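Visitor: Protein chains in written order, with this note's numbering: chain A, 52 to 388; chain B, 234 to 348.
Before we start, here is the structure in question, set down as structure tokens.
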């Protein structure tokens, strides 16, 4: 029995083992014989088959039997996974099996920690959307690729790090981004300031939190997030024109409630224009990231980001202590009046 | 599904005997049981948090630093003098100092609304 928590133990729990033959080259009978355990809908256990093909690719590359892949995840799917599933009569169009492959790789990376993307040498399709600047610890990121130009302009002007996520953040992109930061000689334990441009709604904040979670997984733990898309960036009139109703599907009901709870903790003064009640039913509105102009975002960045640039950890601490001093004075005045 | 049983860390007789022998007093069984229940639950919560901290640090071994942090969180809460408060604040890293400033500013804004 392998030691609890050891690599062997984690591989065993994930249903992964070494095979002497190339899994993706094997005939249907062999695939069924070796991967039928736990199979339900198809003749093979699809998740287990995917994980073993990925693991075998890693084994061959790390042993030097094969050069690093240098291909996209999507290409890996077409090269190794899809043909094997097809041969095993396990290919379907009813579910997104490419997404299933991605989920299984994320499971191997984040849950069981038996793999890193760079072990196989996957290419990052989001490479053009990320850049690490001299001020590596100042990260401006956006949910949508549409903000890429704005991010690039700011990066060029202030030499900061940028990342356009393009939806749900990819773990692969996060791994490579953090690797680049580390390779620049930046201590991952230092303070990182994250400026977010995500929709002011449930999904936007889920995306933001997933990105922060990925950074944390890769060792960036001391973070402070400053949201740039908030109702206080607009006037009440602008909010009324820009707001949109947040979908209230059954699946989103609890998530919306959790999001609102988080929003209320921040106490935005204009939040009241994003909540309404009609016939006893509460209505929730959100704001798209695009509802705030680049000009206004840059003004805000000048205010909250520029003072942090070019500062060592010690200087940042002095800066934050001075800010705290101002805040405490404001608190004293507030208490006295 | 049967309800998971609360772990029993403290022995009934140990407490009973301590009250008898050291405090030279008697105790009702229910008071001792109540005491044990509260402390067993606090120990379990503390250990769970310590486990989480070590996992977050990618370890499978609970270390001193995990225990010190969680014991402080669960059992060590106390009223700090202004000097201790200042020392605690100065210890923080820059991002956490920023969060403290923000929390104070948020408090002021919220309180101003009430006035």
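Every residue, glycine too, gets a C-beta built ideally from N, C-alpha and C.
Since the model is a prediction, treat every value here as computed from it, not as a measurement.
(1) Excluding the 5 residues preceding and the 5 following residue 54 (chain A) in the sequence, name in chain order all residues of the same chain whose CB lies nearer than 7 Å to its CB.
(2) So for residue 251 (chain A), helix, strand or coil by DSSP?
(3) Out of A:109, A:275, A:187, A:373, which has the shortest C-alpha to C-alpha gap to residue 73 (chain A)?
(4) Under a CB-based cut-off of 7 Å, is residue 331 (chain B) close to chain C?
(5) With three or more beta-carbon pairs closer than 8 Å as the criterion, would you say the stretch 142-162 of chain A touches the stretch 97-112 of chain A?
(6) To the nearest angstrom, report how far apart residue 279 (chain B) and residue 197 (chain A) are at their CA atoms.
(7) Which class does residue 270 (chain A) belong to by DSSP, given the choice of helix, strand or coil?
(8) Whose C-beta lies closer than 8 Å to the C-beta of residue 234 (chain B) among residues of the same chain, with five residues either side of it excluded?
(9) Determine, using beta carbons only, whether residue 321 (chain A) and residue 241 (chain A) come nearer to each other than 7 Å.
(10) Which parts of the stretch 190-270 of chain A are runs of the alpha helix (DSSP H), unbroken and 4 residues or longer, counting only runs that do not cross its ends?
(11) Could you name the residues of the same chain whose beta carbon sits closer than 6 Å to that of residue 70 (chain A), not counting the 5 residues immediately before and after it, in chain order?
(12) Give the DSSP-derived three-state secondary structure of residue 339 (chain A) in the structure shown.
(13) Name, please, each residue of chain A whose Cβ falls closer than 8 Å to the Cβ of residue 342 (chain B).
(14) Taking DSSP's pairing of strands, which residues face residue 186 (chain A) in a bridge?
(15) What first and last residue would you give for the beta strand (DSSP E) that runs through residue 365 (chain A)?
(16) By the criterion of Cβ-Cβ separation under 9 Å, what are the contact partners of residue 337 (chain B) in chain A?
(17) Among all the DSSP beta bridges, which residues are the ones paired with residue 278 (chain A)?
(18) Any Cβ of chain A within less than 7 Å of the Cβ of residue 287 (chain B)?
(19) Cβ closer than 8 Å: which chain B residues qualify as neighbours of residue 56 (chain A)?
(20) Anyone know if the C-beta pair for residue 318 (chain A) and residue 342 (chain B) falls short of 7 Å?
(21) Does any residue of chain A bring its CB to less than 7 Å from the CB of residue 328 (chain B)?
(22) Output yes or no for whether 7 Å exceeds the beta carbon distance between residue 174 (chain A) and residue 245 (chain A).
(23) Based on the DSSP output, what are the partners of residue 329 (chain A) in its beta bridges?
(24) Check distances from the C-beta atoms of the stretch 356-373 of chain A to those of chain B and list, in chain order, the residues that come in under 8 Å.
(25) For residue 119 (chain A), I'd like the list of residues in its chain whose CB is within less than 6 Å of its CB, leaving aside the five on either flank, ordered along the chain.
(26) Which of the three DSSP states is assigned to residue 319 (chain A) in this structure?
(27) Do you know how far the Cα of residue 284 (chain A) is from the Cα of residue 316 (chain A)?
(28) On the DSSP letters alone, give me the boundaries of the alpha helix (DSSP H) that residue 284 (chain B) sits inside.
(29) I need the DSSP call for residue 93 (chain A), collapsed to helix, strand or coil.
(30) Where do the ends of the alpha helix (DSSP H) carrying residue 337 (chain B) lie?
(31) Residue 193 (chain A) touches chain B at which residues, Cβ-Cβ below 8 Å?
(32) Output needed in chain order: residues of the stretch 139-159 of chain A with a Cβ under 7 Å from some Cβ in chain B.
(33) Considering only DSSP beta bridges, list what residue 295 (chain A) is partnered with.
(34) Tell me whether the beta-carbon of residue 184 (chain A) lies closer than 7 Å to the beta-carbon of residue 156 (chain A).
(35) Residue 242 (chain A) versus chain B: which residues are under 8 Å apart at the beta carbon?
(36) Can you find the residues in the same chain that come closer than 7 Å, C-beta to C-beta, to residue 269 (chain A), ignoring five residues on each side of it along the sequence?
Guide: According to the data block:
(1) Position 3 of the first chain holds residue 54 (chain A). Excluding residues within five positions, the ones whose Cβ falls inside 7 Å are 60.
(2) Residue numbering aside, residue 251 (chain A) sits at position 200 when the first chain is read from its first letter. Three-state result, residue 251 (chain A): strand.
(3) Working through the first chain from its first residue, we reach residue 73 (chain A) at position 22. Among A:109, A:275, A:187, A:373, the Cα nearest to that of residue 73 (chain A) belongs to A:109.
(4) Judged by its chain identifiers, the structure shown contains no chain C, and its protein chains are A and B.
(5) yes
(6) Taking the first residue of the second chain as 1, we reach residue 279 (chain B) at position 46. Taking the first residue of the first chain as 1, we reach residue 197 (chain A) at position 146. Distance between the alpha carbons of residue 279 (chain B) and residue 197 (chain A) is about 46 Å.
(7) Locating residue 270 (chain A) in the first chain gives position 219, where the first residue counts as 1. Residue 270 (chain A) falls in the coil class under three-state DSSP.
(8) In the second chain, residue 234 (chain B) corresponds to position 1, counting from 1. Residue confidence is low: residue 234 (chain B) scores 46 on pLDDT, short of 50, so the model does not pin down where it sits. Its coordinate-derived value is still stated next. Nothing listed; no residue qualifies.
(9) As a position in the first chain, residue 321 (chain A) is number 270, starting the count at 1. As a position in the first chain, residue 241 (chain A) is number 190, starting the count at 1. No, the Cβ-Cβ distance between residue 321 (chain A) and residue 241 (chain A) is not below 7 Å.
(10) If one requires a minimum length of 4 residues, the alpha helix (DSSP H) runs lying completely within the stretch 190-270 of chain A are 199-209, 222-234, 253-268, in chain order.
(11) Start at 1 with the first residue of the first chain, and residue 70 (chain A) comes out as number 19. Contacts found: none.
(12) Stepping through the first chain from its first residue, residue 339 (chain A) is reached at position 288. Residue 339 (chain A) falls in the coil class under three-state DSSP.
(13) Here residue 342 (chain B) refers to the residue found at position 109 when the second chain is read from its first residue. 318, 320, listed in chain order.
(14) As a position in the first chain, residue 186 (chain A) is number 135, starting the count at 1. BP columns for residue 186 (chain A) point to A:211.
(15) Position 314 of the first chain, counted from the first residue, corresponds to residue 365 (chain A). Unbroken run through residue 365 (chain A) is the alpha helix (DSSP H), 364-387; no beta strand (DSSP E).
(16) Working through the second chain from its first residue, we reach residue 337 (chain B) at position 104. Under the 9 Å cutoff, chain A gives 375, 378, 379, 381, 382.
(17) Here residue 278 (chain A) is taken as the residue at index 227 of the first chain, counted from 1. According to DSSP, which records beta bridges pairwise, residue 278 (chain A) is partnered with A:247.
(18) Numbered from its first residue, the second chain carries residue 287 (chain B) at position 54. False, the Cβ-Cβ gap to chain A never drops below 7 Å.
(19) The residue given as residue 56 (chain A) occupies position 5 in the first chain. Under the 8 Å cutoff, chain B gives 293.
(20) On the first chain, residue 318 (chain A) is found 267 positions in, with the first residue counted as 1. On the second chain, residue 342 (chain B) is found 109 positions in, with the first residue counted as 1. Yes, Cβ-Cβ distance for residue 318 (chain A) and residue 342 (chain B) is below 7 Å.
(21) Translated into the one-based positions of the second chain, residue 328 (chain B) becomes position 95. Cβ-Cβ to chain A under 7 Å: yes for residue 328 (chain B).
(22) Your numbering for residue 174 (chain A) matches position 123 in the first chain. Your numbering for residue 245 (chain A) matches position 194 in the first chain. No, they are not a contact pair.
(23) Along the first chain, read from residue 1 onward, the residue named residue 329 (chain A) stands at position 278. Paired residues: A:332.
(24) 364, 367, 368, 370, 371, 372
(25) Here residue 119 (chain A) refers to the residue found at position 68 of the first chain. So the qualifying residues of the chain are 112, 172.
(26) If you number the first chain from 1, residue 319 (chain A) lands on position 268. In the three-state scheme derived from DSSP, where H, G and I count as helix and E and B as strand, residue 319 (chain A) is classed as coil.
(27) Position 265 of the first chain holds residue 316 (chain A). Position 233 of the first chain holds residue 284 (chain A). So the alpha carbons of these two residues sit roughly 17 Å apart.
(28) By 1-based counting over the second chain, the position of residue 284 (chain B) is 51. Per DSSP, residue 284 (chain B) belongs to the alpha helix (DSSP H) from 262-289.
(29) Translated into positions along the first chain, residue 93 (chain A) becomes position 42. In the displayed model, residue 93 (chain A) falls within coil according to three-state DSSP, outside both helix and strand.
(30) To locate residue 337 (chain B), count along the second chain from 1; it is residue 104. From DSSP, the alpha helix (DSSP H) with residue 337 (chain B) extends over 327-347.
(31) Here the question's residue 193 (chain A) lines up with position 142 in the first chain. Result: empty, since nearest Cβ-Cβ is about 21 Å, beyond 8 Å.
(32) Contact residues of the stretch 139-159 of chain A toward chain B are absent (C-beta to C-beta distance below 7 Å).
(33) Here residue 295 (chain A) corresponds to residue number 244 of the first chain, with the count starting at 1. Answer is A:337.
(34) Counting from one through the first chain, the residue named residue 184 (chain A) turns up at place 133. Counting from one through the first chain, the residue named residue 156 (chain A) turns up at place 105. Not in contact: residue 184 (chain A) and residue 156 (chain A) (Cβ atoms no closer than 7 Å).
(35) As a position in the first chain, residue 242 (chain A) is number 191, starting the count at 1. Near residue 242 (chain A) (Cβ distances below 8 Å), the residues of chain B are 326, 327, 328.
(36) Locating residue 269 (chain A) in the first chain gives position 218, where the first residue counts as 1. Same-chain partners within the cutoff: 225, 226, 229.
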